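S.K.:
Residue numbers (my numbering): 23 to 739.
Here's what the structure looks like:
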């Protein structure tokens with residue numbers, strides 16, 4: 023069968039050899055309807071590729087972020103087969119736009135095969151084509167690269183062994199921005215970082231709106247300012263702005279008046295780096311010492327095309343105090359770069375720049391004008407971005423991603439160790455990539471007012487009708503179920519769980535196929551009866567086998583259970599287990615098809631909607647609230663028993679979840695986290711979507727986890 027070419031072009035071949043050194047080569051990549059291949063030159067006739075990867079429904083495209091190689095910074099994508107991760111091709115681009123086009127094209131081909139597999143039940147087996155092996159010709163240097171470096175495409179062939187630890191906020195961080203649960207659940211615009219009730223417009227300056235946080239906090243020193251943010255519109259694409267924001271070279275002088283010098287302390291991974299930054303402040307510079315910063319910067323790209331760049335100060339052994347500078351402290355900060363509708367054919371982007379900083383120094387706490395003046399100077403960089411792009415009427419080829427130089431060894435310690443002073447996260451956070459990178463692109467968008475009005479009555483009747491039709495005749499007795507994590511319905515409960523209201527989450531409506539509208543989820547399909555919080559020295563699989571667990575109790579009573587086992591890796595392995603129970607599955611329903619379907623169908627449909635109603639801004643932005651198809655983000659193992667389905671979700675299997683995991687683990691005692699589980703509905707007869715169930719966990723203590731007893735039911739039912 024001949025395959026048509028879907029996309030082709032020159033890209034960078036990126037990899038890391040066994041000796042640890044990275045390499046890049048220009049290669050010509052060709053994506054066909056069944057195959058991804060690359061060549062040393064543009065192929066002609068029946069030229070044999072250097073390496074190929076068969077594309078099927080088991081393939082995934084992993085965002086590896088930005089990597090540096092000998093003065094070149096590239097945006098890396100890794101394409102691999104989930105069934106055998108040694109089948110992998112790693113490619114990169116010098117600009118983000120080109121990499122994103124390739125990512126979109128490859129995911130489109132993968133989705134086509136997932137659809138055909140779900141319809142026909144066919145399962146393809148990926149293979150690797152070894153060029154130069156079966157055609158009698160001598161292998162070239164490129165072929166040698168393919169044959170002997172096939173397993174060196176990534177520096178994490180054994181990800182649990184080689185990847186370095188990413189750092190996140192320390193355990194001592196407190197919530198400095200709080201918002202009401204109802205306000206969070208009713209927000210449809212994910213670009214709004216805060217509830218309006220917590221912010222006031224301080225002033226309009228240079229075409230920007232400057233907001234100041236209203237909340238008073240008592241856990242920060244007096245010298246630390248209230249959080250402030252600048253909001254402005256820039257006529258440029260999100261990618262162009264993001265590349266400028268990430269720069270630490272001479273181009274930054276053209277738009278950031280507070281920038282003096284910046285360098286790279288350590289590149290932790292493609293989404294996380296430790297930076298050194300000197301501020302150029304103009305408030306009595308002859309009297310006030312200059313300020314510098316050492317901070318973690320990590321970023322993500324959302325499925326709606328927006329970018330989030332987050333900062334927080336962190337000590338690093340290779341970036342100690344610098345002579346002549348006072349080390350300031352960023353409590354929280356960053357950029358939120360969100361696309362807007364074009365105007366007059368020109369792209370438009372909303373840029374939010376937030377900063378909460380302690381400038382330190384002996385007199386700062388008593389001179390409020392110094393703190394505010396300097397903070398406004400930093401936030402004015404948004405106006406600088408706007409003016410920088412307004413100077414150019416047209417921009418042709420996308421520029422290469424700027425490179426950061428390493429911090430001069432003359433001014434830092436020469437020790438080669440790469441340990442961080444904050445080691446509380448250890449190996450649980452190896453990569454700072456955010457969960458909604460793999461979301462199912464559930465976008466909220468506006469439709470015409472007339473159309474909206476026409477649908478409104480129908481949508482409301484759908485909600486009421488569904489709630490009435492699916493109301494159970496009698497309730498399940500929940501008193502016989504128990505788990506080791508305490509159930510507490512109070513708003514101020516700690517180290518506990520409660521059922522999260524379904525209307526806190528928005529799901530696809532009956533008319534989603536036509537207008538992309540969403541509605542509050544309403545009543546759950548199943549009852550959450552217990553939660554277990556386990557720890558052990560190894561990963562805990564198939565927890566339903568334990569005698570006396572909630573699923574076993576449900577089985578004895580003739581009830582059916584769906585069990586979600588969220589596995590958190592690390593030096594100590596944790597598992598949070600949720601037991602959802604129902605009297606019976608409705609034959610022919612989407613939930614019944616999910617339970618009795620094959621793993622491919624389950625992987626393509628299982629969806630998680632996360633939310634952090636209470637927590638610091640830096641964590642809320644990292645977790646987000648975008649629906650995520652779990653099978654695309656992490657590895658899920660499905661165990662089907664006579665009266666249960668257990669889903670073991672290995673969070674450590676993906677870079678996507680690890681970044682969020684590292685953030686959350688360090689501050690888990692200060693967080694309230696909501697999670698809703700559901701089966702994605704794709705057709706009109708499956709809509710509207712319904713939640714399997716939803717849970718809220720509040721201020722969880724790691725020390726409260728227990729080691730599960732090893733009493734295993736020999737015949738789980």
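Every residue gets a Cβ at the ideal spot worked out from N, C-alpha and C, and that includes glycine. Please read all numbers here as calculations on a predicted model, not as lab measurements.
Near residue 132, what residues of its chain come up, given a Cβ to Cβ distance below 8 Å and the 5 sequence neighbours on each side ignored?
M.R.: Here residue 132 corresponds to residue number 110 of the chain shown, with the count starting at 1. Counting only Cβ-Cβ distances below 8 Å, and skipping sequence neighbours, we find 77, 78, 79, 81, 82 and 83.
S.K.: Quick one: is residue 701 buried, meaning 16 or more other Cβ sit within 10 Å of its Cβ, or exposed?
M.R.: The residue given as residue 701 occupies position 679 in the chain shown. The residue is buried, with at least 16 neighbouring Cβ atoms inside 10 Å.
S.K.: Alpha carbon to alpha carbon, what distance is there between residue 312 and residue 593?
M.R.: Working through the chain shown from its first residue, we reach residue 593 at position 571. Working through the chain shown from its first residue, we reach residue 312 at position 290. Approximately 41 Å between the Cα atoms of the pair.
S.K.: Apart from the five residues just before and just after residue 504, which ones in its own chain have a Cβ nearer than 8 Å to its Cβ?
M.R.: Here residue 504 refers to the residue found at position 482 of the chain shown. For residue 504, where only same-chain residues beyond five positions count, the Cβ hits under 8 Å are 552 and 572.
S.K.: Would you tell me roughly how many angstroms separate the C-alpha atoms of residue 533 and residue 703, rounded to the nearest one?
M.R.: Within the chain shown, numbered from 1, the residue matching residue 533 stands at position 511. Within the chain shown, numbered from 1, the residue matching residue 703 stands at position 681. Their Cα atoms are separated by approximately 11 Å.
S.K.: Evaluate the contact criterion for the stretch 643–655 versus the stretch 605–618: three or more CB pairs, one atom per stretch, below 8 Å.
M.R.: no
S.K.: What residue from 635, 629 and 641 has the CA that sits closest to residue 654's CA?
M.R.: Mapped onto the chain shown, residue 654 falls at position 632. Comparing Cα positions, the closest option is 629.
S.K.: If you measure from the beta carbon of residue 562 to each beta carbon in chain B, is any gap under 8 Å?
M.R.: The structure shown contains no chain B; it holds only a single protein chain.
S.K.: Going by DSSP, what residue range makes up the beta strand (DSSP E) through residue 576?
M.R.: Numbered from its first residue, the chain shown carries residue 576 at position 554. Premise fails: residue 576 lies in the alpha helix (DSSP H), 572–578, not in any beta strand (DSSP E).
S.K.: Rounded to the nearest angstrom, what separates residue 730 and residue 556 at their Cα positions?
M.R.: Counting from one through the chain shown, the residue named residue 730 turns up at place 708. Counting from one through the chain shown, the residue named residue 556 turns up at place 534. When rounded, the distance between both Cα atoms is 6 Å.
S.K.: In three-state terms, what does DSSP make of residue 592?
M.R.: The residue given as residue 592 occupies position 570 in the chain shown. Note: residue 592 maps to coil in three-state DSSP.
S.K.: Measure the CB-CB distance between residue 615 and residue 660 and report whether it falls below 8 Å.
M.R.: Residue numbering aside, residue 615 sits at position 593 when the chain shown is read from its first letter. Residue numbering aside, residue 660 sits at position 638 when the chain shown is read from its first letter. Contact flag unset, no.
S.K.: Residue 130 by DSSP, collapsed to three states: which one?
M.R.: The residue labelled residue 130 in the question sits at position 108 within the chain shown. In this structure, residue 130 counts as helix in the three-state DSSP scheme.
S.K.: What's the gap between the Cα of residue 515 and the Cα of residue 286?
M.R.: The count along the chain shown starts at 1 and reaches residue 515 at position 493. The count along the chain shown starts at 1 and reaches residue 286 at position 264. Distance between the alpha carbons of residue 515 and residue 286: 42 Å.
S.K.: According to DSSP, simplified to helix, strand and coil, what is residue 613?
M.R.: Here residue 613 is taken as the residue at index 591 of the chain shown, counted from 1. Here residue 613 sits in helix by DSSP.
S.K.: Is it true that the stretch 251–263 meets the stretch 276–295, where meeting means three or more beta-carbon pairs spaced less than 8 Å apart?
M.R.: no
S.K.: Which two residues bound the contiguous alpha helix (DSSP H) that contains residue 652?
M.R.: In the chain shown, counting from the first residue as 1, residue 652 sits at position 630. Unbroken alpha helix (DSSP H) run through residue 652: 652–655.
S.K.: Looking at C-beta atoms only, is the number of pairs between the stretch 537–546 and the stretch 575–583 that lie closer than 8 Å three or more?
M.R.: no
S.K.: Here's the rule I'm using: 16 or more other beta-carbon atoms within 10 Å means buried, otherwise exposed. How should residue 298 be labelled?
M.R.: Translated into positions along the chain shown, residue 298 becomes position 276. Classification of residue 298: buried, given that the 10 Å Cβ count is 16 or more.
S.K.: Taking 7 Å as the limit between beta carbons, can you name the residues of its chain near residue 520, skipping five residues before and five after?
M.R.: The residue labelled residue 520 in the question sits at position 498 within the chain shown. Apart from sequence neighbours up to five positions away, the residues of its chain that approach residue 520 with a beta-carbon distance below 7 Å are 509, 510, 511 and 718, ordered along the chain.
S.K.: Entirely within the stretch 269–302 and at least 3 residues each: give me those beta strand (DSSP E) ranges in chain order.
M.R.: 281–291 and 294–301
S.K.: How would you write the range of the alpha helix (DSSP H) that residue 627 sits in, first residue to last?
M.R.: Here residue 627 is taken as the residue at index 605 of the chain shown, counted from 1. Per DSSP, residue 627 belongs to the alpha helix (DSSP H) from 621–627.
S.K.: Helix, strand or coil for residue 604? Go by DSSP, reduced to three states.
M.R.: If you number the chain shown from 1, residue 604 lands on position 582. Residue state, collapsed to three classes: strand.
S.K.: What's the call for residue 223, buried or exposed, on a 16-neighbour Cβ count within 10 Å?
M.R.: Position 201 of the chain shown, counting from 1, holds the residue named residue 223. Exposed, since its Cβ has fewer than 16 Cβ neighbours within 10 Å.
S.K.: Hey, would you say residue 267 sits closer than 8 Å to residue 333, going by beta carbons?
M.R.: As a position in the chain shown, residue 267 is number 245, starting the count at 1. As a position in the chain shown, residue 333 is number 311, starting the count at 1. For residue 267 and residue 333, no; Cβs fall outside 8 Å.
S.K.: Work out the CA separation of residue 103 and residue 558 for me, nearest whole Å.
M.R.: Counted from its first residue, the chain shown places residue 558 at position 536. Counted from its first residue, the chain shown places residue 103 at position 81. Going from the Cα of residue 558 to the Cα of residue 103 covers about 30 Å.
S.K.: Starting from residue 536 and walking both ways along the alpha helix (DSSP H), at which residues does that stretch end?
M.R.: Position 514 of the chain shown, counted from the start, is the residue given in the question as residue 536. First-last of the alpha helix (DSSP H) with residue 536: 534–537.
S.K.: Apply the 10 Å Cβ neighbour rule to residue 540 and answer buried if 16 or more other Cβ atoms are within range, or exposed otherwise.
M.R.: Counting from one through the chain shown, the residue named residue 540 turns up at place 518. Classification for residue 540: buried.
S.K.: For residue 290, tell me which candidate among 347, 86, 124 and 698 has the shortest Cα-Cα distance.
M.R.: If you number the chain shown from 1, residue 290 lands on position 268. Among 347, 86, 124 and 698, the Cα nearest to that of residue 290 belongs to 86.
S.K.: Could I get the ranges of all uninterrupted alpha helix (DSSP H) runs contained in the stretch 335–402, with 4 residues as the minimum, in chain order?
M.R.: 390–401
S.K.: Residue 587 and residue 565 - do their beta-carbons sit closer together than 8 Å?
M.R.: In the chain shown, residue 565 corresponds to position 543, counting from 1. In the chain shown, residue 587 corresponds to position 565, counting from 1. Yes, the pair counts as a contact, with Cβ atoms nearer than the cut-off.
S.K.: Quick one: give me the first and last residue of the beta strand (DSSP E) that residue 111 is part of.
M.R.: Counting from 1 along the chain shown, the entry for residue 111 is found at position 89. That run of the beta strand (DSSP E) goes 106–115.
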